[in-house]
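Student: Right, I'll just put the structure down here and ask away after.
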Amino acid sequence: MPFQRTPGVTFEKSGDRVVILDVEGAVMTTVNPVGSLIWQALDGERDTEELARHLSETFPDVEETVLISDTEEFLTSMLQAGLVTED
């Protein structure tokens, strides 16, 4: 299923990281460079595997299974924080 940023969540890129502010504006989350790449690719059309393939463009030497696992872990944490939704 495709993932997208939760409406009302804002973010700003700072160097190779992204700083995310939740809907209420109460919690700020900073994600690492890999998470930042995933976050910026969230368009409501890509599922986990498609997002992992997007990462493979930047990290061609990393195995696909590792990229998928890392993407799943990131998306799970973002879902739990209410920062992304799954269609």
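Letter by letter, the sequence shown follows residues 372 to 458 in the numbering used here. All C-beta atoms, glycine included, are put in the ideal place defined by N, C-alpha and C.
(1) Helix, strand or coil: how does DSSP classify V455 here?
(2) Which one or two residues does DSSP pair with S385 in a beta bridge?
(3) How many Å lie between T401 and G386 at the Cα?
(4) Three or more beta-carbon pairs under 8 Å between the segment 438–446 and the segment 411–426, yes or no?
(5) Would you call the CB atoms of V394 and V380 closer than 7 Å?
Tutor: In brief:
(1) strand
(2) R388
(3) 12 Å
(4) yes
(5) yes
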